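Protein chains: 2
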Amino acid sequence: MPRTGGEQRRTTIVAEAIHQFGRDGYKGASIESIATAVGVRKQTLLYYFPNKEALLEACLVAAGERLGATIAAALEGKETYWDRAEAVIHGVFGLAAEWPEFPMFVREAARLGPTAFDRFADVLDPLRRRAIGFLQDGMDSGEIRKQDPAMLLFTLYTAVVGSLTEASVLNAVVGSDTGQASLRRREREVLLFVRAALRPTD
Amino acid sequence: MPRTGGEQRRTTIVAEAIHQFGRDGYKGASIESIATAVGVRKQTLLYYFPNKEALLEACLVAAGERLGATIAAALEGKETYWDRAEAVIHGVFGLAAEWPEFPMFVREAARLGPTAFDRFADVLDPLRRRAIGFLQDGMDSGEIRKQDPAMLLFTLYTAVVGSLTEASVLNAVVGSDTGQASLRRREREVLLFVRAALRPTD
DNA sequence: CGATTTGTCTACCGACCGGTAGACAAGGCA
DNA sequence: TGCCTTGTCTACCGGTCGGTAGACAAATCG
Numbered sequence: 001m002p003r004t005g006g007e008q009r010r011t012t013i014v015a016e017a018i019h020q021f022g023r024d025g026y027k028g029a030s031i032e033s034i035a036t037a038v039g040v041r042k043q044t045l046l047y048y049f050p051n052k053e054a055l056l057e058a059c060l061v062a063a064g065e066r067l068g069a070t071i072a073a074a075l076e077g078k079e080t081y082w083d084r085a086e087a088v089i090h091g092v093f094g095l096a097a098e099w100p101e102f103p104m105f106v107r108e109a110a111r112l113g114p115t116a117f118d119r120f121a122d123v124l125d126p127l128r129r130r131a132i133g134f135l136q137d138g139m140d141s142g143e144i145r146k147q148d149p150a151m152l153l154f155t156l157y158t159a160v161v162g163s164l165t166e167a168s169v170l171n172a173v174v175g176s177d178t179g180q181a182s183l184r185r186r187e188r189e190v191l192l193f194v195r196a197a198l199r200p201t202d
Numbered sequence: 203m204p205r206t207g208g209e210q211r212r213t214t215i216v217a218e219a220i221h222q223f224g225r226d227g228y229k230g231a232s233i234e235s236i237a238t239a240v241g242v243r244k245q246t247l248l249y250y251f252p253n254k255e256a257l258l259e260a261c262l263v264a265a266g267e268r269l270g271a272t273i274a275a276a277l278e279g280k281e282t283y284w285d286r287a288e289a290v291i292h293g294v295f296g297l298a299a300e301w302p303e304f305p306m307f308v309r310e311a312a313r314l315g316p317t318a319f320d321r322f323a324d325v326l327d328p329l330r331r332r333a334i335g336f337l338q339d340g341m342d343s344g345e346i347r348k349q350d351p352a353m354l355l356f357t358l359y360t361a362v363v364g365s366l367t368e369a370s371v372l373n374a375v376v377g378s379d380t381g382q383a384s385l386r387r388r389e390r391e392v393l394l395f396v397r398a399a400l401r402p403t404d
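As they're listed, the protein sequences go chains A and B.
If you count the first sequence from 1, position 31 lands on 31 in our numbering, and the numbers rise without skipping.
Each number in our numbering corresponds to the 1-based position in the second sequence with 202 added.
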């Protein structure tokens with residue numbers, strides 16, 4: 001047994017937990033099934049995380065960091081306000097493509113209440129501030145429709161996350177539309193929608 | 203014991219179930235706590251609904267009918283495309299104001315997968331068709347930005363429902379903002395956002 | 001080499017949850 | 001009046017879940 005264990009196990013468990021919390025909800029996913037999926041017994045999982053809630057917190061922080069890294073990478077080298085908005089949305093959709101349960105987990109985190117969600121949001125706070133300042137600048141320079149920048153950011157968030165998580169609704173509204181192609185269609189749609197909504201009134 | 207029971211009990215149970223399914227999720231809410239909340243034993247609830255899933259289906263149909271009635275009432279007498287869109291959004295926000303768990307329940311229904319969500323959506327199908335046709339007309343007459351009307355309806359849905367259900371996110375993004383005043387702010391924001399997004403490109 | 005830490009396991013417990021069986025009382029009906 | 005349906009209850013069962021106790025083996029370190 002190579003003593004490389006430790007951290008690696010931890011991250012594997014967290015990844016699987018995000019997967020199952022996203023798919024089945026916090027209550028719906030059992031630590032037993034998470035442990036089994038990682039190829040380990042429940043008690044081994046409890047060795048790394050003292051209880052289910054601690055596992056959740058680890059997932060929230062990990063998810064925040066992952067999303068933060070994605071967004072930071074997307075912003076690199078982008079200068080204009082529209083390039084940035086587009087890059088962030090594209091980055092988030094890319095993350096959703098390679099990790100479909102990720103947006104569902106974030107939504108579940110929000111459902112669990114502010115206490116849980118803040119664990120996730122705190123990691124992203126610097127980016128949140130940057131985004132609001134940036135939207136404010138765009139409004140000052142007349143490139144973005146004037147409004148409350150924080151509320152705008154909230155509405156943008158709901159539009160993007162909703163588009164990523166409401167697959168059942170998509171199915172009911174536009175008919176069967178699944179897989180990677182659907183995700184690309186939705187990304188394009190959200191981009192057009194957001195661009196139109198940001199455009200200043202003449 | 204007045205023999206008025208029956209239907210009234212049923213609807214009371216369904217209302218409470220929507221409440222708890224919305225607040226705690228399908229898995230998180232137990233039929234026992236639902237029964238207790240309406241002042242009855244679990245076995246009495248099981249007398250009306252053979253099992254938990256049957257209760258859920260009854261909730262889905264009831265929710266669909268309630269939302270359908272709300273939207274239909276909102277549409278009455280409205281002629282222009284913008285009056286209609288605004289009336290529907292206002293109606294949905296009104297429903298959310300008097301029944302806060304309702305949007306959460308709808309989102310939970312979507313989370314449970316297409317099979318469950320269709321029970322809810324089927325009731326609303328006539329309205330869905332009307333909405334798409336109506337958006338199409340608006341595009342043909344140049345009053346609405348040209349795009350896929352079904353995808354537009356989906357994006358509008360996600361924006362409205364997201365704004366109603368992501369309270370934790372709102373808290374994290376714009377700071378503490380609760381109660382009826384917050385709901386009104388969000389309604390105004392969504393209205394502005396949607397109006398800007400629908401506006402045709404010059 | 002021996003002591004200790006690290007990691008994984010088996011065995012078990014108490015709580016809860018969904019659902020069944022069936023007693024029982026009160027209203028409606030022939 | 002007496003039977004039957006309707007509605008509500010107590011009692012219980014099997015399964016799952018989160019969590020504890022503690023045995024045990026391999027790796028590490030003085």
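Note that beta-carbon positions come from the ideal geometry of N, C-alpha and C, so glycine has one too.
Since the structure is predicted, the reported quantities are computational estimates derived from the model, not experimental observations.
Item to check | Same chain, Cβ closer than 7 Å to B/Val362, neighbours up to 5 away in sequence not counted | outcome: Hits under 7 Å: Ile291, Val294 and Val392.
Checklist entry - By the criterion of Cβ-Cβ separation under 7 Å, what are the contact partners of A/Gln147 in chain B? => result Neighbours of A/Gln147 on chain B, chain order: Leu394.
Item to check | Chain-ordered residues of the stretch 350 to 381 of chain B with a beta carbon less than 7 Å from chain A | outcome: From the stretch 350 to 381 of chain B, only Ala352, Met353, Leu355, Phe356, Thr357, Tyr359, Thr360, Ala361, Val363, Gly364, Ser365, Glu368, Ser370, Val371, Leu372, Asn373, Ala374, Val375 and Val376 have a Cβ closer than 7 Å to chain A.
Next on the checklist: Given this structure, state the Cα-to-Cα distance separating B/Ala352 from A/Leu170, to the nearest angstrom.
Outcome noted: Each residue's alpha carbon lies about 9 Å from the other.
Checklist entry - Which residues of chain A have a Cβ atom closer than 9 Å to the Cβ of B/Asp320, listed in chain order? => result Chain A residues near B/Asp320: Ser168, Asn171 and Ala172.
Checklist entry - Does any C-beta atom of chain B lie closer than 9 Å to the C-beta of A/Glu189? => result By this cut-off, A/Glu189 is an interface position.
Next on the checklist: So with CB distances below 9 Å, who are the chain A contacts of B/Lys254?
Outcome noted: By Cβ distance, chain A contributes nothing, its closest Cβ being about 13 Å from B/Lys254, past 9 Å.
Next on the checklist: Which residues in chain A have a C-beta closer than 9 Å to the C-beta of B/Arg387? List them in chain order.
Outcome noted: Within chain A, the residues near B/Arg387 are Asp148 and Met151.
Next on the checklist: Using C-beta distances below 8 Å, list every residue in its chain close to B/Gly296, excluding the 5 sequence neighbours before and after it, in chain order.
Outcome noted: Within the same chain, B/Gly296 has close Cβ partners Thr272.
Item to check | Residue nearest to B/Arg388 in terms of C-alpha spacing, selected from A/Thr201, A/Gln147 and A/Arg185 | outcome: Considering only alpha carbons, the answer is A/Gln147.
Checklist entry - Within the 9 Å Cβ cut-off, does A/Arg128 reach chain B? => result For A/Arg128, a Cβ of chain B is located within less than 9 Å of the residue's own Cβ.
Item to check | C-beta neighbour in chain A for B/Gly340, strict 9 Å | outcome: With its beta carbon at least 9 Å from every one in chain A, B/Gly340 lies outside the interface.
Item to check | DSSP-derived helix/strand/coil call for A/Lys78 | outcome: A/Lys78 falls in the coil class under three-state DSSP.
Checklist entry - Taking Cβ positions, are B/Arg401 and B/Arg347 nearer each other than 9 Å? => result Closer than 9 Å, so yes.
Item to check | With 16 other Cβ atoms within 10 Å as the buried cut-off, status of A/Arg107 | outcome: Buried: at least 16 other Cβ atoms inside 10 Å.
Item to check | Within chain B, partners of A/Ala197 - CB distance below 7 Å | outcome: By Cβ distance, chain B contributes Phe395, Ala398 and Ala399.
Item to check | Proximity to A/Val173 [Cα-Cα], best of B/Asp379, B/Ala323 and B/Ala276 | outcome: Considering only alpha carbons, the answer is B/Ala323.
Next on the checklist: I believe A/Phe134 touches A/Arg195 by the beta-carbon criterion, under 8 Å. Please report the beta-carbon distance rounded to the nearest angstrom.
Outcome noted: Wrong, their Cβ atoms sit about 16 Å apart, outside the cutoff.
Next on the checklist: Assuming the contact rule is C-beta atoms closer than 8 Å, B/Phe304 and B/Ala265 should be a hit. Round their C-beta distance to whole Å, please.
Outcome noted: Yes, they are in contact, since the Cβ atoms of B/Phe304 and B/Ala265 sit about 7 Å apart, within 8 Å.
Item to check | Cβ-based contacts, 7 Å cut-off: residues of the stretch 98 to 122 of chain A near chain B | outcome: Within the stretch 98 to 122 of chain A, the residues whose Cβ lies closer than 7 Å to some Cβ of chain B are Ala110, Gly113, Pro114, Phe117, Asp118 and Ala121, listed in chain order.
Next on the checklist: For A/Gly179, tell me which candidate among A/Pro100, A/Ile132, A/Gln136 and A/Tyr26 has the shortest Cα-Cα distance.
Outcome noted: In terms of Cα proximity to A/Gly179, the closest of A/Pro100, A/Ile132, A/Gln136 and A/Tyr26 is A/Pro100.
Item to check | Members of the stretch 24 to 57 of chain A near chain B, C-beta cut-off 7 Å | outcome: Those would be Gly25, Lys27 and Gly28, in chain order.
Checklist entry - For the candidate residues A/Arg188, A/Ala35 and A/Thr158, whose alpha-carbon lies nearest to that of A/Leu55? => result The candidate whose alpha carbon is nearest that of A/Leu55 is A/Ala35.
Checklist entry - Which term fits B/Tyr249, buried or exposed, when burial requires 16 or more other beta carbons within 10 angstroms of its beta carbon? => result It counts as exposed.
Item to check | Residues of its chain near B/Leu314, where Cβ-Cβ distance is below 7 Å and the 5 sequence neighbours each way are ignored | outcome: The beta carbon of B/Leu314 sits closer than 7 Å to the beta carbons of Tyr228 from its chain, once the five residues preceding and following it are set aside; these are given in chain order.
Checklist entry - Does DSSP put A/Met1 in a helix, in a strand, or in coil? => result Since pLDDT at A/Met1 reaches only 43, below the 50 mark, its modelled position is unreliable, and the value read off the structure follows with that caveat. Coil at A/Met1, not helix or strand.
Checklist entry - Should A/Gly142 be labelled buried (16 or more other beta-carbon atoms within 10 Å of its own) or exposed? => result Exposed, because fewer than 16 other Cβ atoms sit within 10 Å of the Cβ of A/Gly142.
Next on the checklist: Could you give the first and the last residue of the continuous alpha helix (DSSP H) run that contains A/Asn171?
Outcome noted: First-last of the alpha helix (DSSP H) with A/Asn171: Ala167 to Val174.
Checklist entry - Does the beta-carbon distance from B/Glu368 to A/Thr158 come in below 9 Å? => result Taking 9 Å as the Cβ cut-off, B/Glu368 and A/Thr158 qualify as a contacting pair.
Next on the checklist: By the DSSP assignment, the alpha helix (DSSP H) with A/Ala17 in it spans what residues?
Outcome noted: It spans Glu7 to Asp24 - the alpha helix (DSSP H) in which A/Ala17 sits, taken as one unbroken run.
Checklist entry - Comparing alpha-carbon positions, which option in A/Arg66, A/Val40, A/Leu164 and A/Ile132 lies nearest A/Ile18? => result The residue with the shortest Cα to Cα distance from A/Ile18 is A/Arg66.
Checklist entry - If we call anything under 9 Å between Cβ atoms a contact, is B/Lys244 one with B/Glu255? => result Their beta carbons are not under 9 Å apart, which means B/Lys244 does not touch B/Glu255 by this criterion.
Next on the checklist: On the criterion of 16 or more Cβ atoms from any shown chain inside 10 Å, does A/Glu16 qualify as buried, or is it exposed?
Outcome noted: Per the 10 Å Cβ criterion, buried.
Next on the checklist: Rounded to whole angstroms, what is the Cα-Cα separation between A/Asp24 and B/Arg225?
Outcome noted: C-alpha separation (whole angstroms): 16 Å.
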